[in-house]
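Structure first, then comments.
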Amino acid sequence: MSKVVEGLYYTESHEWVKVEGEFAYIGITDFAQHQLGNIVYVDIPEVGDEIKQEEEFGAVESVKAASDLLSPVSGTIVEVNEKLSDEPELINKNAFDSWILKVKLSDASELKGLMDSKAYAEICE
Amino acid sequence: MKYYDKLIFEISKEGRHGYTLPENQLAKYSIEDIPSTLLREEKAQLPEASELDVVRHYTNVSNKNFGVETGFYPLGSCTMKYNPKINDEIANMPAFSSLHPLQSDETVQGVLEVYYNLARSLSEISGLAEYTLNPFAGSHGELVGLMIMRQYHIKRGDLKRTKVIVPDSAHGTNPASAAVCGLEIVEVHSNEKGTISVEDLKPLLDDTIAGIMMTNPNTLGIFETEILEIADLIHEAGGLLYYDGANLNPLLGKCRPGDMGFDIMHINLHKTFSTPHGGGGPGSGPVGVSKALVDFLPNPRVKKDGDCYYLDNGDDSLGSISGFLGNFSVYIRAYTYILSLGKDNLKNVGPLATLNANYIKESLRQYYYLPIEGICKHEFVFDGLLDKSTGVTTLDIAKRLLDYGFHAPTIYFPLLFTQSIMIEPTETESLDTLNAFIEVMKTVAIEAKEDPETVKNAPYTTPVRRLDETMAAKKPMLIYKDLL
């Protein structure tokens, strides 16, 4: 059974968003890392890049498959998790601690369209 | 067999020869006669060994390999059928093998005739007007097919069409080829029957759609029964239909992509037409088009005038996409296959491939989870074991099969399921081989329940045990010396 954390926003494509003021952290869920298996590479965009809701911003590669990362929100990237370039397996160890991007939100109202932990847990069943 | 693990360089002994040469009668030339700019600076590292040592070395190395000639190879979506020896026999005839690619047309009429006739045969088999055989591989054929699609729209002055629709069950090469061709990919979802959802497709259709890429049957081995409606919708929207010939095998003798409304397709000769796969290839990816697109085919084309064959370069063509005429030795093999089977036997290929796949599917569904019900075509997909409580994964099953002497099926593809096992037996296997495979698959499923650790640690009998795939991807050892 995969873990779901309360208080985060979720997408159907298995990304999570943690909002802190006008900023948001984005990662992939425990369910996603389970499905992917051992992650060997995370393709991360650069600080300053603009990302748009529902559009691809990167990819995760595992021994089984490569999967696009779809952005849950729109905004500007202010920080990326450098640790993941050397240790992508951190996502397997703890998906909710291993954020990929920190973005400055450009439209906080987009969050309303995302799922809460309860709704997300249901689609993972 | 004694375990053999040497490089040719390790058996090399300085000064050892395979044979002795007579005295050099041309000694009037010396190395000083060669301009220094053409001389290499370092001595070439060439192994020196006797002929017998060389033969033993390569025979031993080849014994570590597994191929269709070693055992059953049910790799889904790859059509690992037997490559009949007569194909090689004909391709090795000196009349073909000792030609030079720069010979003039009139001295290679027979070669151009083979090219022309194979193209005509493929047209008749697939229902498309004309073929180019020039692309070097299936992936190359896909790219060329999309370039033809783009050329068609550009020549009409319709520059808005930059998107290609690709189903979520498609081969990874489809979106990859489209991206290389500069087209944007739009995904369409599969429905619960495993086929394209026409309802999901409709809203995607507008004047920015260049076309759609499909296989039929699709990657799940399911025939797209709504193909005629899909073809109408795409054509009404001004787009073209591209057929990925990866799954052509089950259609042989039963139906033709051209009749379904496809405008462009590629064929993998190494799948459907029994030419060698992969490293031993080379590959070949002929591209066929409907009548309206013939002029866009790449240059040169082989044409016939009376009894003469000649090369022609067209003005509307998208240009040249390969050196000379592609991988000619592959065409001879494919043409030999078509002629040696003949029309009547060729018609049995599709039905027998379909029968074999369904036989395995129905024999194993009490043990493995079948996510898509119904009759499949040449291949089908299980989603892991039926009993999910064992913790044994698809990877474990694939590894355990190696211990029993079978090549693993395709695993973790398609991506629609998390534990995909994709099985394609082809028509060239006997009932005895199919039964032996079925028994082993059952045995592995029972082992998974009674002794899961044995399965999880497989394989035991292969030259190397289970490899660390994570490390192989993260820190690949690319040269032999890294292992020492």
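Quick note, the sequences are listed as chains A and B, same order.
All residue numbers for the first sequence refer to the working numbering, where the first residue is 14 and numbers rise by one.
All residue numbers for the second sequence refer to the working numbering, where the first residue is 2 and numbers rise by one.
All C-beta atoms, glycine included, are put in the ideal place defined by N, C-alpha and C.
These figures come from a predicted structure and were not determined experimentally.
| Check | Outcome |
| --- | --- |
| For chain A, check one thing: does any of its Cβ atoms lie closer than 8 Å to the Cβ of L479 of chain B? | no |
| Can you look up Y244 of chain B in the DSSP assignment and give me helix, strand or coil? | strand |
| How long is the line joining the alpha carbons of Y369 of chain B and V393 of chain B, rounded to whole angstroms? | 12 Å |
| Can you have a look at N314 of chain B and say buried or exposed, based on whether 16 or more other CB atoms are within 10 angstroms of its CB? | exposed |
| How should L123 of chain B be labelled, buried or exposed, when 16 other C-beta atoms within 10 angstroms of its C-beta is the threshold for buried? | buried |
| In whole angstroms, what separates the C-alpha of I424 of chain B from that of L103 of chain B? | 43 Å |
| Could you tell me if L468 of chain B is buried or exposed, where buried requires 16 or more neighbouring beta carbons within 10 angstroms of its beta carbon? | exposed |
| Determine, using beta carbons only, whether S75 of chain A and N51 of chain A come nearer to each other than 8 Å. | yes |
| With a threshold of 16 other CB atoms inside 10 Å of the CB of F10 of chain B, please say whether the residue is buried or exposed. | exposed |
| Can you confirm whether A134 of chain A, when its beta carbon is compared against all beta carbons of chain B, has any partner nearer than 8 Å? | no |
| Three-state secondary structure (DSSP) at E92 of chain A? | strand |
| Taking A50 of chain B as the reference, which of B:L340, B:M81, B:R17, B:K44 has the closest Cα? | B:R17 |
| Per DSSP, P168 of chain B forms a beta bridge with which residues? | B:V189 |
| Rounded to whole angstroms, what's the CA-CA distance from P85 of chain A to L21 of chain A? Just pull it up for me. | 12 Å |
| Counting only Cβ pairs nearer than 7 Å, list the residues of chain A close to Y413 of chain B. | K77, A78 |
| Using only the alpha-carbon positions, how far apart do K476 of chain B and G246 of chain B sit? | 35 Å |
| M478 of chain B by DSSP, collapsed to three states: which one? | coil |
| When Cβ atoms are compared, which residues of the segment 388-409 of chain B fall closer than 7 Å to chain A? | none |
| What first and last residue would you give for the alpha helix (DSSP H) that runs through V56 of chain B? | 52-64 |
| In this structure, does DSSP put D56 of chain A in helix, strand or coil? | strand |
| Within 8 Å, do at least three Cβ pairs link the segment 328-339 of chain B to the segment 90-104 of chain B? | yes |
| Would V288 of chain B pass as a contact of V112 of chain B if the rule is Cβ separation under 8 Å? | no |
| Name, please, each residue of chain A whose Cβ falls closer than 7 Å to the Cβ of K475 of chain B. | V53 |
| Tell me the DSSP secondary structure of V456 of chain B in three-state form. | helix |
| Does DSSP put I35 of chain B in a helix, in a strand, or in coil? | coil |
| Straight-line CA distance for S105 of chain B to C309 of chain B? | 13 Å |
| Tell me which same chain residues have a C-beta within less than 8 Å of the C-beta of E225 of chain B, skipping the five on either side of it? | T196, I197, M215, N217, P218, N219, I231 |
| State the Cα-Cα distance for the pair S291 of chain B and F438 of chain B, rounded to the nearest angstrom. | 41 Å |
| Output yes if chain D places a C-beta closer than 8 Å to the C-beta of T60 of chain B; else output no. | Of the protein chains in the structure, A and B, none is chain D. |
| Can you give me the C-alpha to C-alpha distance between Y461 of chain B and D404 of chain B, rounded to a whole angstrom? | 6 Å |
| Taking a contact to mean a Cβ-Cβ separation below 8 Å, would you say N357 of chain B touches E428 of chain B in this structure? | yes |
| Which whole-angstrom value describes the C-beta separation of V116 of chain A and I41 of chain A, a residue pair presumed to lie in contact below a C-beta threshold of 8 Å? | V116 of chain A to I41 of chain A, Cβ: 15 Å. No contact. |
| Classify I265 of chain B as helix, strand or coil using the three-state DSSP reduction. | strand |
| Confirm, please, whether the CB-CB distance from A121 of chain A to A5 of chain A is below 8 Å. | In the structure displayed, chain A extends from 14 to 138; residue 5 of chain A sits before or after that span and is not available. |
| What residues are listed by DSSP as bridge partners for I361 of chain B? | In DSSP, I361 of chain B forms no bridge with anything. |
| Starting from the Cα of S140 of chain B, find the closest Cα among B:T174, B:L184, B:Q46, B:V382 and give me that residue. | B:T174 |
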